[in-house]
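Numbering (our numbering), first residue to last: 3 to 195.
Here a beta-carbon is modelled for each residue, glycine too, at the ideal position from N, C-alpha and C.
On a predicted model such as this, the values are computed, not experimentally measured, just so you know.
The block underneath contains the structure these notes are about, expressed in structure tokens.
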């Protein structure tokens with residue numbers, strides 16, 4: 003489900019458990035992908051623990067956020083810091099070279115910024131995909147997985163023309179929900195698989 007900025011802020015600032023689940027819907031997958039990039043292969047699977055800790059820390063955070071950008075910045079910065087701490091605490095279990103690479107200042111700057119932007123695009127796109135009808139959502143997800151129109155048609159027991167129509171209509175729905183930049187990123191993803 004796609005939540006408005008107001009709903010996300012209410013979820014963060016109210017500390018209501020039902021509303022707080024919205025944060026998981028909105029941020030969990032993107033934060034895990036981001037943490038996975040930071041932790042690399044040495045800590046494969048640990049990103050979920052890191053993200054859980056960050057979301058719990060947000061729940062316990064006393065501040066009142068003014069806008070969604072502040073929430074997003076807080077979460078991504080917290081995940082980055084949690085990953086650095088996670089590696090630092092376990093540096094004996096990885097080689098010194100790998101630990102140095104993970105904790106390098108260079109990674110924290112430009113590459114980290116690019117990763118943040120990319121993850122925010124992914125988050126917005128996947129939220130938009132989740133609002134599609136079941137058939138359109140299936141077609142887009144299968145397309146993102148690299149399947150051809152013919153393969154999708156066979157798997158879903160529908161004609162190739164129906165797949166093309168569903169895909170076209172899904173593109174229109176997604177375009178109406180996200181910015182031009184995010185839509186361009188979505189098209190890039192769809193055509194570079």
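Judged by DSSP in its simplified three-state form, residue 92 adopts coil rather than helix or strand. With contacts defined as CB atoms closer than 8 Å, residue 157 and residue 144 qualify as a contacting pair. Of all alpha-carbon atoms in 16, 89, 47 and 21, the one lying nearest the alpha-carbon of residue 31 is that of 47. Rounded to the nearest angstrom, the gap between the Cα atoms of residue 51 and residue 172 is 34 Å. Look at residue 167 here: in three-state DSSP terms it is helix. Taking C-beta atoms as the reference points, residue 49 and residue 34 count as a pair closer than 8 Å.
In this chain, the alpha helix (DSSP H) harbouring residue 39 covers 19-41.
Sorting 125, 137, 166 and 167 by C-alpha distance to the C-alpha of residue 181 places 125 at the top. If the five residues before and after residue 68 are omitted, its C-beta is found closer than 6 Å to no C-beta atom of its own chain.
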